[in-house]
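Take the sequence shown: its letter number 254 is residue 249 in my numbering, and every next letter is one higher. Even for Gly, the Cβ is constructed at its ideal location relative to N, Cα and C.
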Amino acid sequence: MTATNDRGEPWWKTAVIYQVYVRSFADSDGDGIGDLDGLRGRLDYLQRLGVGAIWLTPVQRSPQDDYGYDVSDYQDIDPLFGTLAGFDALVADLHDRGMRLIMDLVVNHTSDEHPWFVESRSSIASPKRDWYWWRPPRPGRHAGEPGAEPNNWGSVFSGSAWELDAASGEYYLHLFSRKQPDLNWEHPAVRRAVHAMMRWWLDRGVDGFRMDCINMISKDPALPDGPDGGRRGAFGDFGPHVIGGPRLHELVREMHAEVFEGRDGILALGETPGVTLDEARLLTDPARDELDMVFQFEHVELDHGAGKWDPRPIHLADLKASMGRWQAGLADAGWNSLYWGNHDQPRAVSRFGDDGIHRERSAKVLAAIQLLLRGTPFIFQGEELGMTNAPFAQVADFRDVEALNHYATATAAGEDPGVVLAALRRVGRDNARTPMHWDTTPNAGFTTGEPWIAVNPNHLGINAAAALADPDSVFHWYRRLIALRREEPAVVGGDVTLLLPHDERVVAFTRTLGTVELLVLASWSADVAAPPIPDAGGWAAAELLLSSCPRPADHDGPLDLHAWETRVYRRRVP
Ligand code: TEU
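Here it is as structure tokens:
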């Protein structure tokens, strides 16, 4: 495998990356939990789809409080998922097929069961005490009493971001669950340990890292109170003192020098909640030697009201404005990632499309936009089948620590349990985490055992076996679009022009490279639309590369779109 394609671009600019949530992908041993051997058995499917790399959610040893985002040993595989030998075999299998593997790197925090934290907690005098953020109670307050926390920060997973350690009378910081204490990146030994661990994985053959919450590693060491009244409910928002913190660029550049320098073709991808466009430009400008690209969150927060649990409708014009800003903002320096969903988001077709009668067509709309804009697309497992949100009936159907904590906290505070449940059902992360639908056998072919979370009953109609057999399926639409990215340089390198920014029913944009121009035209509604595209007559005579809704050419005006229809045209310009 070469690090660049024949046009000299790094592999990750042409490739499409597929996210495997290992726990829910394929189970080889019948324990109800997906594993590495299960994934190895499904590589033909991924190769058929045409993806160039896989991003693997965390598989290191973990108590699984946050399903692997709480690592207790960075240099071993959790027995739930397999062994190091099995991991090596997976890397070898992928490389044999010309595919790459991206690891999740969770180093903003560890598990509270990681030996570093166990040692840190053992005594105030421990040499590892400062590897984490320990603080005494607020002056004048007694440890344990309400309000005695060192500051007012709320955790992403409800409640205070501080947990009291009764033995020492001090609190430790955890921006996520109490089993995910934050590492102190001010400490050089922490950084050295992380860098060494990263080099160890690269030496094992992995092709890059997706760095969890990497823009949260530099905290203002004064840990000041955050603003009240934001998305952390009764608590203050840590954001201003944590996100894009004072030493972020320095720490990322140091990591680049210590880990990536001199290695070819390694992808450094940052997960960056709350990142601004200006910050993303700095982080991904190749001249700065920081990261190759980031996951920004703007488009997946457009439906947040007072936080994520207060969902609002999404207005297409807002979505297009966001898309346009990021496309333009990273056009000259830096590079975009493109995603609709992942293991933290509800299912894309349920959130942005129409998961009822227009499920397949609206899934195709999302695919065309994502795969034909400028940037590296990330497909979350099952998106290529148009998998939907799950019909969770009761709180016991949920598994995610975020959802369960929120339910407990919100109902204890007097919120209507029915309303809280409705929000969990709509935006809860478990929607994305139900098992992959392989076929119509019991448990959708995911496991022969009892799945760790219920399989969506709609797998009888929505599954990989059916999709592979149907040439018009969502799967084959993705496959054709992925092939087009490889064959048509304008998709990777072309300039982007968004058309009809204020239209609430149609997404339209062009890609132009040299004399080639592509037009992507997609209906974002259940109505028929006649988008006023400039030079519509010229486009109607162009080559129709893809259409999700074949019909006689004289049926409507040539550029009139049916409900959730997508078309892609190509023409030569002088
Ligand atoms: O997520 C970081 C993050 O801040 C959000 O994606 C957040 O989890 C979500 O919006 C909550 O509503 C990363 C991982 O992707 C996520 O699975 C982990 O739970 C989190 O970090 C902690 O490691």
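Measure the C-alpha to C-alpha separation of residue i and residue j and round it to an integer number of angstroms.
| i | j | result |
| --- | --- | --- |
| Val66 | His294 | 29 Å |
| Asn147 | His182 | 24 Å |
| Val15 | Gln175 | 22 Å |
| Arg342 | Ser163 | 44 Å |
| Thr383 | Arg136 | 49 Å |
| Ala585 | Arg227 | What is shown of the chain runs -4 to 569, which leaves residue 585 out entirely. |
| Glu4 | Met192 | 28 Å |
| Arg43 | Asp215 | 47 Å |
| Pro281 | Gly93 | 25 Å |
| Ala120 | Gly139 | 22 Å |
| Leu51 | Met98 | 5 Å |
| Glu482 | Gly257 | 30 Å |
| Met318 | Gly348 | 16 Å |
| Phe255 | Asp202 | 11 Å |
| His557 | Ala524 | 7 Å |
| Asp220 | Phe233 | 7 Å |
| Leu31 | Asp465 | 28 Å |
| Thr271 | Val102 | 21 Å |
| Asn331 | Arg369 | 7 Å |
| Gly488 | Asp522 | 33 Å |
| Ala460 | Phe76 | 24 Å |
| Leu539 | Val390 | 48 Å |
| Arg248 | Leu367 | 31 Å |
| Val189 | Leu262 | 17 Å |
| Ala363 | Asp39 | 23 Å |
| Asp68 | Gly351 | 43 Å |
| Ala536 | Asp490 | 22 Å |
So, is the C-beta of residue i closer than 9 Å to a C-beta in chain B?
| i | result |
| --- | --- |
| Ser19 | No chain B appears in the structure shown, which is made up of a single protein chain. |
Please classify residue i: is it buried, with 16 or more other beta-carbons within 10 angstroms of its beta-carbon, or exposed?
| i | result |
| --- | --- |
| Thr436 | exposed |
| Asp198 | exposed |
| Leu455 | exposed |
| Arg307 | exposed |
| Trp195 | exposed |
| Thr105 | buried |
| Leu554 | buried |
| Ser117 | exposed |
| Thr442 | buried |
| Leu79 | exposed |
| Asp395 | buried |
| Asp60 | buried |
| Gln322 | buried |
| Asp530 | exposed |
| Gly329 | buried |
| Asp73 | buried |
| His310 | exposed |
| Gln644 | Given that the chain is displayed from residue -4 to residue 569, the structure contains no residue 644 and the question cannot be resolved. |
Can you look up residue i in the DSSP assignment and give me helix, strand or coil?
| i | result |
| --- | --- |
| Met(-4) | coil |
| Glu296 | coil |
| Arg150 | Per the sequence presented here, residue 150 reads as Ser, with Arg not at that position. Looking at Ser150 - three-state DSSP - the assignment turns out to be coil, as it is neither helix nor strand. |
| Glu397 | helix |
| Leu493 | strand |
| Arg2 | coil |
| Val17 | helix |
| Trp111 | helix |
| Pro412 | helix |
| Thr561 | strand |
| Glu140 | coil |
| Leu79 | helix |
| Leu541 | strand |
| Glu482 | helix |
| Arg307 | coil |
| Ser518 | strand |
| Ile97 | strand |
My understanding is that residue i touches residue j, with C-beta atoms under 8 Å, so please give their C-beta distance in whole angstroms.
| i | j | result |
| --- | --- | --- |
| Asp287 | Thr279 | 7 Å |
| Trp129 | Val185 | About 14 Å; that fails the 8 Å criterion. |
| Lys315 | Thr561 | Incorrect: roughly 15 Å between the Cβ atoms, too far for contact. |
| Glu379 | Tyr473 | 4 Å |
| Ala312 | Pro430 | No, Ala312 and Pro430 are not in contact; Cβ-Cβ is about 36 Å, not under 8 Å. |
| Ser133 | Pro145 | A small correction: the amino acid at residue 133 is Arg; Ser does not occupy that position in the sequence shown. The pair is a contact, with the Cβ atoms about 6 Å apart (cut-off 8 Å). |
| Phe230 | Glu266 | About 23 Å separates the two Cβ atoms, so there is no contact after all. |
| Val11 | Leu34 | Rounded, the Cβ-Cβ distance is 17 Å, inconsistent with contact. |
| Arg354 | Ser543 | With 8 Å as the limit, Arg354 and Ser543 do not qualify as a contact, their Cβ atoms being about 12 Å apart. |
| Val422 | Ala439 | Actually they do not touch by this definition, with Cβ atoms about 23 Å apart. |
The ligand COA and residue i: does any heavy atom of the ligand fall closer than 8 Å to the residue's C-beta?
| i | result |
| --- | --- |
| Phe171 | Ligands in the displayed structure: the ligand TEU; the ligand COA is not one of them. |
Exercise. What runs of the alpha helix (DSSP H), each 4 residues or longer, lie entirely inside the segment 321 to 392?
Worked result: Complete alpha helix (DSSP H) runs here, min 4: 343 to 346 and 354 to 367.
Problem set entry | beta strand (DSSP E) runs contained entirely in the segment 46 to 71, provided each spans 3 or more residues | Listed in chain order, the complete beta strand (DSSP E) runs (minimum 3 residues) inside the segment 46 to 71 are 48 to 51.
Problem set entry | Inside the segment 226 to 289 only - alpha helix (DSSP H) runs reaching at least 4 residues | The segment 226 to 289 contains these whole alpha helix (DSSP H) runs: 234 to 237, 243 to 250 and 272 to 279.
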